[in-house]
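For any residue, its number in UniProt numbering is found by taking its place in the sequence shown, counting from 1, and adding 14.
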Amino acid sequence: KQRDPNQSEFFEAASTLLKTITPVFEKHPEYVKANILGRLVEPERAIQFAVPWQDDQGNIQINRGFRVQFNSAIGPYKGGLRLHPSVNLSIVKFLGFEQIFKNSLTTLPIGGAKGGSDFNPKGKSDAEVMRFCQSFMTELSKYIGPDLDVPAGDIGVGAREIGYLYGQYKRLKGAQRGVLTGKGLSYGGSLARTEATGYGLIYYTDELLKANGETLAGKRAVISGAGNVAIHAAEKAEALGVKVITVSDSNGYVVDENGIDVAVVKQIKEVERGRIKVYADRVAGAQYHEGSVWDATDLKFDLALPCATQNEIDGDQAARFKAAGVIAVAEGANMPSDPDAIATYADARILYGPAKAANAGGVAVSALEMGQNSRRESDSFEKVDSQLHEIMQHIFKASADAADEYGVPGNYEAGANIAGFLKVADAMYAQGM
Ligand code: NDP
15 KQRDPNQSEF FEAASTLLKT ITPVFEKHPE YVKANILGRL VEPERAIQFA VPWQDDQGNI
75 QINRGFRVQF NSAIGPYKGG LRLHPSVNLS IVKFLGFEQI FKNSLTTLPI GGAKGGSDFN
135 PKGKSDAEVM RFCQSFMTEL SKYIGPDLDV PAGDIGVGAR EIGYLYGQYK RLKGAQRGVL
195 TGKGLSYGGS LARTEATGYG LIYYTDELLK ANGETLAGKR AVISGAGNVA IHAAEKAEAL
255 GVKVITVSDS NGYVVDENGI DVAVVKQIKE VERGRIKVYA DRVAGAQYHE GSVWDATDLK
315 FDLALPCATQ NEIDGDQAAR FKAAGVIAVA EGANMPSDPD AIATYADARI LYGPAKAANA
375 GGVAVSALEM GQNSRRESDS FEKVDSQLHE IMQHIFKASA DAADEYGVPG NYEAGANIAG
435 FLKVADAMYA QGM
């Protein structure tokens, strides 16, 4: 905190994790001696670069690009790229730090990284987005590679952006499919990657509920966001008998008591790139409200599934969950609950599935995509989906087992942090300084 006083998001992510892993050091004093913690909170490499690009009026614009290669103890760096005006070094570092432990939990051999830019894709033409992506990749290409660092998507980076980024990488370095994941199916992408984070969130939630004597079927869910994660979480939740009553964007939220019509959301967000407000004009009985869905005081629901962004739920909002009927919070977004909200869940005995476990399905399938690219094969949707399901079951079990073993049964946050940390610490210790 003293070294980087302006990095509040990174400090929040690091301190939240550190608080939960102290029992590990009693069992493993060698990690203290090797200063594993001190080394873990310092990125192995943090790159910042200028991204000049030309807008449709011919003006030269300039944005900041970032790639933080946090930790490579268990494999090549892996983590998404975010395009959003809020992106800065603190946000990229918090995301990269979380990614280390999330990637470890998947059991796949991938290290932690994250990147992005403060470029705002909203309202830009396809040609502007393409020119930005080409400029961004021109610099980023110097630091990544299929065995070194393999970026993917995140907020503001979907199939369109990955296509432009890959095209530019190919032009500069030749075709190397393994350099990005989340690619289109025609050039090396994996089936089920688009769905993976949202589907994985629901597979994880299913395990969380089952372990506590509950089931998904018949529950009512509030989902925030209307992007990649929210859409596919809603789709899988509804397929498994959950009624999803909301989706949202940064302006407002829609409530549909008949259950959100995912096809309509896809049309608005993926095809028209429009605002979620339009949903209420198209679906009879649906209502649109300005503001955060977590400020709604009149909704009754069992499951809170935040799928938009960091710190979207604070302590005051979380304090209303018990009265609303919430039994579980499972995080599709990264760090959507602030520390006060997390403390409130514990006090209210609300089940809590933290992001690094609950949303690990996306990066897990990204790692499977890397494997398919190396083998020069494409696996079927069913095969990848069933691997995803198994990985999410494993992540829940590993978290629950670690919580039991380290004396905090039922604390799935501590369990995920400990299970993720142990593998990375072991690899760092084995490899020396
Ligand atoms: P998208 O860009 O597809 O969608 C983001 C959604 O969240 C949009 O509805 C957006 O609304 C909303 N949102 C973004 N920023 C804010 C904000 N500041 N306040 C309120 N709403 C906001 O991103 P994804 O769905 O891919 O990502 C969502 C979350 O999931 C992020 O936290 C991401 O890190 C995490 N995640 C994503 C993975 C993936 O595979 N894509 C993997 C693991 C985690 P608007 O259009 O108004 O901006």
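All residues carry an ideal CB built from backbone N, CA and C; glycine is no exception. Since this is a predicted model, take the numbers as computed values, not measurements.
Item                                                                                                               : Value
Identity of the residues DSSP links to Glu-383 by a beta bridge                                                    : DSSP output for Glu-383 lists no bridge partner at all.
Alpha-carbon spacing of Ala-240 relative to Ile-282, whole angstroms                                               : 9 Å
Range of the contiguous beta strand (DSSP E) that encloses Gly-255                                                 : Segment: none, Gly-255 is in no beta strand (DSSP E) and carries neither H nor E.
Reduced DSSP secondary structure (H/G/I, E/B, other) of His-42                                                     : coil
Every unbroken alpha helix (DSSP H) within the stretch 184-261, with a cutoff of 4 residues, ordered by chain      : 207-224 and 242-253
Rounded C-alpha distance that separates Ala-444 from Tyr-157                                                       : 26 Å
Backbone CA spacing between Ser-238 and Glu-44 [nearest angstrom]                                                  : 42 Å
Assumed close pair Asp-263, Arg-289 - CB separation to whole angstroms, cut-off 8 Å                                : 6 Å
Residues near Asp-352 by beta carbon distance below 6 Å, same chain, minus five either side                        : Asn-325 and Asp-328
Cβ-based burial, Gln-71 [other Cβ within 10 Å; buried from 16]                                                     : exposed
In chain order, each beta strand (DSSP E) run of at least 3 residues that lies wholly inside the stretch 22-68     : 59-68
Leu-95: CB within 8 Å of a non-hydrogen atom of the ligand NDP                                                     : no
Residues near Pro-57 by beta carbon distance below 7 Å, same chain, minus five either side                         : Val-82, Gln-83, Phe-84, Lys-107 and Gly-110
Asp-399: CB within 8 Å of a non-hydrogen atom of the ligand NDP                                                    : no
Sequence-distant residues of the same chain with beta carbon closer than 7 Å to Lys-33, five excluded per side     : none
Any non-hydrogen atom of the ligand NDP within 8 Å of Ala-300 CB                                                   : no
Per DSSP, cross-strand counterpart(s) of Phe-80                                                                    : Gln-62 and Gly-130
Spatial neighbours of Val-171 in its chain, beta-carbon cut-off 7 Å, leaving aside the 5 residues before and after : Gly-94, Leu-95, Arg-96 and Leu-97
Heavy atom of the ligand NDP within 8 Å of Arg-289 beta-carbon                                                     : yes
CB of Leu-436 within 9 Å of CB of Leu-122, strictly                                                                : no
Per DSSP, cross-strand counterpart(s) of Tyr-91                                                                    : Gly-125 and Asp-163
Contact belief for Ser-388 with Gly-266 at Cβ below 8 Å, rounded distance in angstroms                             : About 44 Å; that fails the 8 Å criterion.
Pair within 9 Å by beta-carbon distance, Val-243 and Leu-223                                                       : no
The stretch 197-204 / the stretch 244-263 touching (three or more Cβ pairs under 8 Å)                              : no
Near the ligand NDP: Gly-446 beta-carbon under 8 Å from a heavy atom                                               : no
Leu-31 CB to nearest heavy atom of the ligand NDP below 8 Å                                                        : no
Burial state of Asn-425, where buried means 16 or more other Cβ atoms lie within 10 Å                              : buried
Touching by the beta-carbon criterion (3+ pairs, under 8 Å), the stretch 359-378 and the stretch 172-187           : no
Residues that DSSP places opposite Ala-318 in a beta bridge                                                        : Val-236 and Val-343
Whole-angstrom C-beta distance between Ile-105 and Glu-23, which should lie under 8 Å                              : 5 Å
Separation of Val-261 from Gly-198, as counted between CA atoms                                                    : 26 Å
Helix, strand or coil at Ser-413 [DSSP, three-state]                                                               : helix
Under the three-state DSSP convention, the category Glu-142 falls into                                             : helix
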